[in-house]
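What follows is one structure encoded as structure tokens, with my remarks underneath.
In the working numbering, the protein residues as written are -4 to 53.
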């Protein structure tokens, strides 16, 4: 699903914006910190609240 969303966003906005995606909850925060340290602005966030819960014994 993430790949499809990224592809669709890039097809429309890639000429003017850099499109990034992250499959985990912690990774986007690291990306934002890195962008901020480098002086880059962040403009838009798309968030899914789906959480994977592993069955016991895994």
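Every residue, glycine too, gets a C-beta built ideally from N, C-alpha and C.
Inset, instruction - Assign residue 30 to one of three DSSP states: helix, strand, or coil. - result: By one-based count along the chain shown, residue 30 stands at place 35. Three-state result, residue 30: helix.
Inset, instruction - Indicate the three-state DSSP secondary structure (helix, strand or coil) for residue 18 in the structure shown. - result: Along the chain shown, one-based indexing puts residue 18 at 23. Of the three classes helix, strand and coil, the one that applies to residue 18 here is coil, per DSSP.
Legend entry - Sub-8 Å separation of residue 16 and residue -3 beta-carbons: By 1-based counting over the chain shown, the position of residue 16 is 21. By 1-based counting over the chain shown, the position of residue -3 is 2. In contact: residue 16 and residue -3 (Cβ atoms closer than 8 Å).
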